[in-house]
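Peer 1: This is the structure, below, for whatever I ask next.
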Amino acid sequence: MLDNKAAKPMTMSQKILARHAGLPQVEAGELIQCKVDMALGNDVTTPPAIKEFRRLGTTKVFDQKKIAIVPDHFTPNKDIATATQVKMIREFVREFGIVNFFEVGEMGVEHALLPEKGLVKPGDLVIGADSHTCTYGALGAFSTGIGSTDLAAAWATGIAWFKVPEAIKVILKGKLNPHVRGKDVMLHLIGIIGVDGALYQSIEFFGEGLDCLTLEDRLSMANMAIEAGGKNAIFPAGAEACAYAKERAGSCGIVEVADPDAVYVREIVIDLADVPLTVAFPHLPENTHDIEDAFAQKISIDQVVIGSCTNGRIEDMRVAAELLKGHKIHPRVRAIIIPATQEVWLKCVNEGLMNIFVEAGAAVSTPTCGPCLGGHMGILAEGERAVATTNRNFVGRMGHPKSEVYLASPAVAAASAISGIICGPQHLQK
Amino acid sequence: MLLKGNVHKYGDHVDTDVIIPARYLTSSEPTFLAAHCMEDIDEGFVNKVKKGDIIVAGRNFGCGSSREHAPIAIVAAGVSCVIAESFARIFFRNAINIGLPVLECPAAAKAIKNGDELGVDLATGTVTNLSTKETWQASAFPGFMQELIDMGGLVNYTKKQLSSK
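Each protein sequence line maps, in turn, to chains A and Y.
In terms of our numbering, the first sequence is numbered consecutively and its last residue is 443.
In terms of our numbering, the second sequence is numbered consecutively and its last residue is 167.
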């Protein structure tokens, strides 16, 4: 006889967690131990993880292929201290036979790189000692940020502990207006729910509006779940995600669908036609303004950064190039464009985007997180102001504590670079 | 364990970039990080903090980056515990993992003022304002997390897991 205990309905995130815990079902609030499919570190978080790993006294890692280490924050190394940290990482990688280590020249911004390298697929459970690890929800994976000690423990055991999250259901309707992209939708959502609006929760996306969001739109949206305090964000793996995973990872993995009666603590409906080009003003991602409001304030800027794990992919580069073509960067503005990976960089070369960037007067950098976290490659001085396609605008995020970061999409960033004030493509003189 | 210390009070959404700015993530040495703790939100913090002092803050303390350098810097600066209305989840996890006591107690976090003297009983989760004689009860930890705390953090817990294999 079958177990007659009624199966409890689960969200997409809960189904992935249950499967990795070896349990038929899980409930919100339950503490569980899960096997992880990938455990990621970067050059900031890996050195402390190595220290903790060595304290464990173990002689091997749980799986040499299920660990990824991507030195991307301060690389190519900006000074002796950061070079020393990456040297320590290289020694660890060699000692323990870590397969997925990405050196300068092959390296990219981690959350752009892992999907490209086929290291994440639908249904996977990924943890990373980087808060933007939530990016892979775009592929239908459960992925979330953890710290260095968690990473060390997972490297040793292949296991991480989780509190099963409640979830917010976001239903997307309608179609996006011209120039409006996934980044705008996510900033808009964060503006609605606030920077702790999804604290400890999953954000799960549904609705026919998903049809007009490309995989890259979804990657930049899932990426910013943490900016609403979210544990993860997840999209149902659609045809594009599946085809991408097949091409890159060799399989579409396991596509999880939420149970029709799964419990959501909150439901938010967004008509994509109502989403404007959106700018988050300093110093929180929830301080959102629509572009007409931002434009009306005539906010002059000193720097534009187009890149990062949020918006450094090829579609972002194409949007920027389309707007910059035939224009010059405003003389008062430094424009820094950072294709997120070597593959994106090469596509920019092959598609002629590099010529457009350089002719417009932009500086193009090798892949790095660099300025996004105030690391290097474009630090702001006191009183300076930047428009960035990055994900955080906290005090001091890109440099001096009295500098300012305005978060926006590549279209707004490129248009602002041309005009010297925050604006959208519609405000550029024809 | 009983803690006693003076309060350093902050508002909502204290992010890890102000707890320890990224320009100092070139090292993970606790004493180096402690020298720059809270620098971008409270320049004088490092000079005025005394061993055992307590940070009290509003909602979403520790939001942003996953950098474990943030709780490491707080511990190394001498802070004995953090009380907040709520914590960002990665910071909360990191704090538990490295052994920094973090107490979620909205009523206490709202009422306590900068400079107040607090007593905190970690075993019971009782927070007492020694300046005003008010007391509050912080949320209890779920069983597994209490186990982690009792064992001194995740490294000790994992060591036990590895040795029982």
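Note that CB positions come from ideal geometry on N, CA and C, so glycine has one too.
(1) When we look at the beta-carbon of Glu149(Y) and count the other beta-carbons within 10 Å, is it buried (16 or more) or exposed?
(2) At 4 residues or longer, and completely inside the region 295–329 of chain A: list those alpha helix (DSSP H) runs for me, N to C.
(3) Starting from Cys47(A), follow its DSSP beta bridges and name the residues at the other end.
(4) Taking the DSSP output, what are the residues bridged to Ala399(A)?
(5) Report yes or no: do the region 192–206 of chain A and the region 94–105 of chain A share at least 3 C-beta pairs separated by less than 8 angstroms?
(6) If you drop the 5 nearest sequence neighbours on each side, which residues of the same chain put their C-beta closer than 8 angstroms to that of Asp16(A)?
(7) Does DSSP put Gly222(A) in a helix, a strand or coil?
(8) Go ahead and pull the three-state DSSP assignment for Asn116(Y).
(9) Taking 9 angstroms as the cut-off, decide whether the C-beta atoms of Gly207(A) and Ala241(A) are in contact.
(10) When you compare each of Met40(Y), Lys11(Y), Ser30(Y), Ala36(Y) to Asp17(Y) by their alpha carbons, which one comes out closest?
(11) Name, going along the chain, the residues of the region 3–37 of chain Y whose beta-carbon falls closer than 9 angstroms to a beta-carbon of chain A.
(12) Output the boundary residues of the alpha helix (DSSP H) element that contains Asp230(A).
(13) Whole angstroms are fine: how far does the CA of Ser133(Y) sit from the CA of Ser429(A)?
(14) Which residues does DSSP pair with Arg347(A) in a beta bridge?
(15) Rounded to whole angstroms, what is the Cα-Cα separation between Asp50(A) and Lys186(A)?
(16) For the alpha helix (DSSP H) that Lys162(Y) lies in, which residues bound it at each end?
(17) For Ala31(A), I'd like the list of residues in its chain whose CB is within less than 6 angstroms of its CB, leaving aside the five on either flank, ordered along the chain.
(18) Can you find a CB in chain Y that lies within less than 9 angstroms of the CB of Leu297(A)?
(19) Could you list which residues in chain A have their beta carbon closer than 9 angstroms to that of Cys107(Y), in chain order?
(20) Is there a Cβ of chain A sitting closer than 9 angstroms to that of Leu164(Y), yes or no?
(21) Helix, strand or coil, according to DSSP, for Ser432(A) in the structure here?
(22) Quick one: is Asp16(A) near chain Y, going by C-beta distance under 9 angstroms?
(23) Touch check for the region 156–167 of chain A and the region 420–438 of chain A: three-plus C-beta pairs under 8 angstroms?
(24) Tell me which residues share the same chain as Trp358(A) and place their Cβ nearer than 6 angstroms to its Cβ, disregarding the 5 neighbours each side in the sequence.
(25) So which residues on chain A does Val48(Y) lean against when the C-beta distance must stay under 7 angstroms?
(26) By Cβ distance, which residues of its chain are closer than 7 angstroms to Met14(A), with the 5 residues on each side in sequence left out?
(27) Exposed or buried, Ser166(Y), counting other C-beta atoms within 10 Å across all chains shown (16 or more means buried)?
(28) Listed from N- to C-terminal order along the chain, which residues in the region 57–79 of chain A have their beta-carbon within a distance smaller than 8 angstroms of any beta-carbon of chain Y?
(29) Can you give me the Cβ contacts of Val129(Y) inside the same chain, cut-off strictly under 7 angstroms, excluding the 5 residues immediately before and after it?
(30) Going by alpha carbons, who is nearest to Leu5(Y) out of Val157(Y), Pro103(Y), Asp152(Y)?
(31) Buried or exposed for Lys244(A), going by 16 or more other Cβ atoms inside 10 Å?
(32) Quick check on His440(A): does DSSP put it in helix, strand or coil?
(33) Roughly how many angstroms separate the alpha carbons of Asn96(Y) and Ala394(A), rounded to a whole number?
(34) Can you tell me whether DSSP reads Arg25(Y) as helix, strand or coil?
(35) Mind pulling the alpha helix (DSSP H) runs of 4 or more residues that sit fully within the region 99–133 of chain A?
(36) Could you pull the start and end residues of the beta strand (DSSP E) that Ser156(A) belongs to?
Peer 2: In this structure, then:
(1) exposed
(2) 304–309, 321–324
(3) Ala173(A)
(4) Gln316(A), Val418(A)
(5) no
(6) Summary for Asp16(A): the model assigns pLDDT 49, below 50, so the residue's position carries little reliability, and this model does not support an answer.
(7) helix
(8) coil
(9) yes
(10) Met40(Y)
(11) Asp14, His15, Asp17, Thr18, Asp19, Val20, Pro23, Ala24, Arg25, Leu27, Thr28, Ser29, Ser30
(12) 228–236
(13) 53 angstroms
(14) Gln316(A)
(15) 33 angstroms
(16) 156–165
(17) Gln38, Val39
(18) yes
(19) Per Cβ cutoff of 9 angstroms: no residues; Cys107(Y) is ~16 angstroms from chain A at best.
(20) yes
(21) helix
(22) Note that Asp16(A) has pLDDT 49, beneath the 50 cutoff, so the model's placement of it is unreliable and the number below is only indicative. Judged by the 9 angstroms Cβ criterion, Asp16(A) is not in contact with chain Y.
(23) no
(24) Pro352
(25) Per Cβ cutoff of 7 angstroms: no residues; Val48(Y) is ~15 angstroms from chain A at best.
(26) Confidence is the limiting factor: at Met14(A) the pLDDT is only 39, short of 50, which leaves the residue's position unreliable and the question unanswerable from this model.
(27) exposed
(28) Val57, Thr58, Pro60, Pro61, Lys64, Glu65, Arg68, Leu69, Gly70, Thr71
(29) Ile85, Leu105, Cys107, Ala110, Leu120, Val122, Thr137, Trp138, Ala140
(30) Pro103(Y)
(31) buried
(32) helix
(33) 31 angstroms
(34) helix
(35) 123–129
(36) 155–158
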